[in-house]
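In terms of this note's numbering, the sequence shown opens at residue 1 and continues consecutively.
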Amino acid sequence: MFRSQFESICLKSGAAILAALQVFAGMPVPAFAEDSAQKVETRTPIKHVIVIIGENRSFDHVFATYKPIRHQRVMNLLSEGIINADGAPGPNYWKAEQYSAVDEASEGYQVSPQQKELYTTLPTPLAGGPTKPFFSTLAEAKAAETGLPNDTYYTYLTTGGTGLKAGTPDTRIPNVDSLPPGPFQITPGIPYDAYTASPVHRYYQMAQQLDCSMSYADRNNPSGCRADLFPWVETTIGAGSNGRPQPSPFTEESTREGSASMGFYNMQEGDAPYLKYLADHYALSDNYHQAATGGTGMNHIELGTGDALWFSDGKGNPAVPPHNQLVAAGTANAGVVDEIENPNAASGTNNWYSEDGYGGGSNGSPSYGGGSYSECADPNAPGVAAELDYLATLPHRVDPKCAPGHYYLLNNYNPGYFGNGTNAYTDTNNHNTVFTIPPSTVRTIGDALLAKNISFKYYGDQWNLYANDPYYQKPGDEYCNICDFLQYSASIMTNPTLRAAHIQDTVNLYSDIRNGTLPAVSFVKPSAFVDGHPASSKLDLFEGFVMKIVNEVQANRKLWASTAIFITFDEGGGYYDSGYVQPLDFFGDGTRVPLLVVSPFTQAGHISHTYADHVSILKFLERNWDLNPITNRSRDNLPDPAATEANPYVPTNGPAIGDLFDMFNFGRGDRDDHGGR
């Protein structure tokens with residue numbers, strides 16, 4: 001049955017994708033150990049939640065041409081008339097057209113520049129990712145990764161090289177130098193099973209890309225975010241300056257991205273077939289957002305805490321990050337760094353941020369740059385006034401949630417602990433990086449679950465390899481340390497018993513599913529090989545990672561009967577999206593990202609329009625297991641949205657986020673009063 005339902009959508013990958021599927025009919029039910037999670041009282045029949053987090057894909061980037069079933073509606077590029085089903089510009093293409101802008105040093109950072117001009121054609125999209133695949137043989141791929149369902153998907157680790165030098169025009173795209181100034185279809189010019197470039201996805205860059213101003217606001221878009229500066233940000237600043245001067249000569253290709261942000265896949269022509277299958281047969285949200293206007297680390301932190309982290313003395317007290325000062329003295333990593341963000345344009349440039357970046361050097365060479373912290377309570381801090389001024393103009397009050405004297409981390413720094421529990425911030429090994437946030441005392445969902453004796457685990461793909469390889473010296477170590485929100489936390493990482501019990505490899509996930517020992521709450525992170533991140537991974541590899549988990553859970557029928565699998569992406573990766581964005585505080589929200597819920601309690605093809613973000617998953621857990629919000633300032637304190645039938649996407653009582661209960665159909669008597677029946 002599974003095979004026949006899926007067959008019609010395998011238009012491109014054909015027999016290859018089809019061969020990857022597992023047929024469940026007649027599969028034996030594995031021996032099932034006593035499931036302790038079943039005994040814990042819940043408000044719904046859901047006793048197990050699995051959250052799978054992929055990387056860097058916006059909703060329109062993946063679901064641009066998705067057509068719903070059963071009289072549902074969806075907001076995407078196709079339904080808005082921005083594109084046609086064949087991916088060509090539609091009658092309302094103008095809604096997504098992109099502009100260049102001017103933001104000079106004398107003006108300071110502008111979240112919504114006033115000098116703008118419509119592009120005649122897009123800046124040329126540039127290639128990214130490996131020229132040749134990372135693996136040459138199936139055996140090599142299998143030795144490096146355990147998270148794929150079968151040989152077909154392992155083969156995808158040996159295919160898809162670009163054949164091009166990164167940062168040069170992506171000549172796989174037809175008419176790459178003369179694309180219209182809006183979204184363009186990636187395929188078939190770039191095959192679906194091929195690596196692509198990765199757009200910029202940092203805090204101040206994403207805020208500029210959204211181009212939010214009350215002068216643009218209307219009834220359907222009360223936040224006034226036009227999302228019309230995506231290529232301009234890519235081509236003027238890209239992934240940051242790290243305090244270095246702008247290269248000379250400087251062109252639209254200097255940041256090595258071009259207009260990669262405007263690319264989308266086409267489900268009508270066979271792209272993302274497994275994600276389409278899940279949307280057709282389970283539940284999808286078209287109004288779910290990345291929780292922070294920033295990248296991977298910031299969004300995983302929000303998912304785990306409902307809040308942002310800040311620089312401390314390592315003992316829970318706020319402190320000032322290194323600011324034009326020498327760090328790691330006496331080691332090979334010694335260097336003058338500036339970890340405080342300054343997105344004001346450098347003199348003589350257009351939008352070349354003065355200090356912004358992931359940090360350079362370290363790992364055995366002099367450190368430099370690194371701007372990523374902002375003291376957002378101080379309107380005189382670089383870049384802050386533009387954000388605070390915008391929030392102050394909104395028709396409803398938005399608390400920035402910026403405590404005085406706190407420098408909040410807005411971009412990716414390594415967590416304060418290594419996998420073995422040692423302090424990574426104070427470590428002076430030459431293989432380490434100085435761009436590490438001190439240990440955090442901010443409360444996490446792990447602390448909340450522990451307090452109520454509710455079982456949970458964070459399953460990180462390749463944790464077993466990384467735990468004994470803190471400096472990533474072993475080949476194939478692609479564990480994502482910045483993704484593990486527990487790894488920032490002193491309460492978990494300093495306790496060996498808790499660390500061993502609650503952070504494990506995905507090999508443990510598969511055995512826990514088969515053996516009936518899955519905890520009540522599971523967070524699952526794929527490795528960099530299969531997380532779907534552009535350039536370093538591919539969307540079909542993330543589909544395979546998800547498929548293996550769904551297959552394993554459904555094969556254990558008793559487990560499947562009480563499970564909900566949430567499938568999402570940490571952030572949009574800098575890809576364009578046309579959806580409404582609601583300002584919740586200084587840190588977000590950001591663009592829409594896909595959210596799928598796979599469960600026997602979803603209705604096939606249901607699409608939720610309720611406004612939600614990553615913290616909505618925390619709200620679901622809290623409601624289902626009767627937990628309080630994580631802290632008195634975490635975002636899970638926000639109310640559920642109220643909206644009109646005419647526009648269900650925009651909360652009328654904002655700021656507000658949903659708890660995802662509307663993704664389910666529990667039936668009469670199985671809602672709030674279920675009582676664990």
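Ideal placement from N, C-alpha and C gives every residue a C-beta, glycine not left out.
Opposite residue 323 in the DSSP bridges: which residues?
Its beta-bridge partners are 338.
Going by C-alpha distance, which of 220, 436, 603, 411 is nearest residue 422?
Looking at 220, 436, 603, 411, the one whose alpha-carbon comes closest to that of residue 422 is 436.
When the distance is taken between beta carbons, is residue 460 closer than 8 Å to residue 477?
The beta carbons of residue 477 and residue 460 sit no closer together than 8 Å.
Check this for me: beta carbons of residue 199 and residue 121, under 8 Å apart or not?
Cβ atoms of residue 199 and residue 121: not closer than 8 Å.
I'd like the list of long-range same chain contacts for residue 441, defined as Cβ closer than 6 Å, with 5 residues on each side in sequence excluded.
Once the five neighbours on either side are set aside, the close Cβ partners of residue 441 are 316, 490.
Considering only their Cβ atoms, is the gap separating residue 649 from residue 611 smaller than 8 Å?
Yes. Within cutoff.
Residue 656 to residue 398, Cα distance in whole Å?
If you take the alpha carbons of residue 656 and residue 398, they lie about 10 Å apart.
Hey, quick one: how far does the alpha helix (DSSP H) through residue 566 stretch, first residue to last?
Unbroken run through residue 566 is the beta strand (DSSP E), 563-569; no alpha helix (DSSP H).
Rounded separation between residue 666 and residue 187 - CA only
CA-to-CA, the gap between residue 666 and residue 187 works out to about 39 Å.
Under the assumption that residue 57 contacts residue 594 (Cβ atoms under 8 Å), give the Cβ distance between them as a whole number of angstroms.
About 7 Å separates the two Cβ atoms, so the contact holds.
What span of residues does the alpha helix (DSSP H) with residue 62 cover, start to end?
Bounds of the alpha helix (DSSP H) holding residue 62 are 59-63.
Please determine, among 544, 424, 394, the residue with the shortest C-alpha to C-alpha distance to residue 217.
Nearest option by C-alpha distance: 394.
Which one or two residues does DSSP pair with residue 164 in a beta bridge?
Answer is none; residue 164 lacks a bridge partner.
For residue 166 and residue 139, which I take to be in contact (beta-carbon distance under 8 Å), what is that distance rounded to the nearest angstrom?
The beta carbons of residue 166 and residue 139 sit about 27 Å from each other, so the pair does not count as a contact at 8 Å.
Mind the definition here: the stretch 220-227 touches the stretch 363-382 only if three or more C-beta pairs lie below 8 Å; say whether that holds.
Counting Cβ pairs under 8 Å, fewer than three are found: no touch.
How long is the line joining the alpha carbons of residue 505 and residue 106, rounded to whole angstroms?
The C-alpha of residue 505 lies about 51 Å from the C-alpha of residue 106.
Any idea what DSSP makes of residue 104, helix, strand or coil?
Three-state result, residue 104: coil.
Measure the Cβ-Cβ separation of residue 350 and residue 102 and say whether it is below 8 Å.
Judged by their CB atoms, residue 350 and residue 102 are nearer to each other than the 8 Å cut-off.
Under the three-state reduction of DSSP, which class applies to residue 486: helix, strand or coil?
Helix at residue 486.
Does the count of Cβ pairs from the stretch 279-297 and the stretch 589-606 closer than 8 Å reach three?
Using a C-beta cut-off of 8 Å, the stretch 279-297 makes contact with the stretch 589-606, since at least three inter-stretch Cβ pairs fall below that distance.
Go through its chain and collect everything with a Cβ distance to residue 545's Cβ below 7 Å, but skip five positions before and after it.
Excluding sequence neighbours, residue 545 sits near 147, 148, 526, 530.
Would you say the stretch 448-459 touches the stretch 506-514, given that touching needs at least three Cβ pairs under 8 Å?
Short answer: they touch.
Do you know offhand how far residue 661's Cα is from residue 620's?
In a straight line, the C-alpha of residue 661 is about 7 Å away from that of residue 620.
DSSP state of residue 22 mapped onto helix, strand, coil
Low local confidence applies: a pLDDT of 36 at residue 22 is under 50, so the model's placement there is unreliable, with the coordinate-based value given in what follows. Residue 22 falls in the coil class under three-state DSSP.
Ignoring anything shorter than 3 residues or poking outside the stretch 576-649, list the beta strand (DSSP E) runs there in chain order.
Segments of the beta strand (DSSP E) lying fully in the stretch 576-649: 595-598, 606-608.
Determine, using beta-carbon pairs with one atom in the stretch 248-264 and one in the stretch 222-233, whether at least three such pairs fall under 8 Å.
Segments in contact, yes.
Local Cβ density within 10 Å of residue 554, reported as buried at 16 or more and exposed below that:
Buried, because 16 or more other Cβ atoms sit within 10 Å of the Cβ of residue 554.
Starting from the C-beta of residue 454, find all residues in its chain whose C-beta is less than 7 Å away, skip the five residues before and the five after it, and write them out in chain order.
Here the set comprises 40, 520, 521, 625.
Near residue 632, which residues of its chain fall below 7 Å by C-beta distance, leaving aside the five closest residues on each side in sequence?
Around residue 632: no qualifying Cβ.
Have a look at residue 42 and residue 307 and give me their C-alpha separation to the nearest angstrom.
Going from the Cα of residue 42 to the Cα of residue 307 covers about 25 Å.
Near residue 400, which residues of its chain fall below 7 Å by C-beta distance, leaving aside the five closest residues on each side in sequence?
So the qualifying residues of the chain are 376, 388, 391, 585, 586.
Status (buried if at least 16 other CB within 10 Å, exposed otherwise) for residue 71
Flag for residue 71 reads exposed.
With a threshold of 8 Å, are at least 3 pairs of Cβ atoms found where one atom belongs to the stretch 91-101 and the other to the stretch 330-345?
The stretch 91-101 is not in contact with the stretch 330-345.
In chain order, what residues of the same chain lie with their CB nearer than 6 Å to the CB of residue 194, ignoring the 5 residues before and after it?
Correct list, in chain order: 160.
Alpha carbon to alpha carbon, how far is residue 438 from residue 687? Give it in angstroms, no decimals.
One cannot answer for residue 687 here, as it falls past the ends of the chain, which runs 1 to 677.
In terms of residues, what are the limits of the alpha helix (DSSP H) holding residue 301?
Judged by DSSP secondary structure, residue 301 falls within the alpha helix (DSSP H) whose first and last residues are 296-305.
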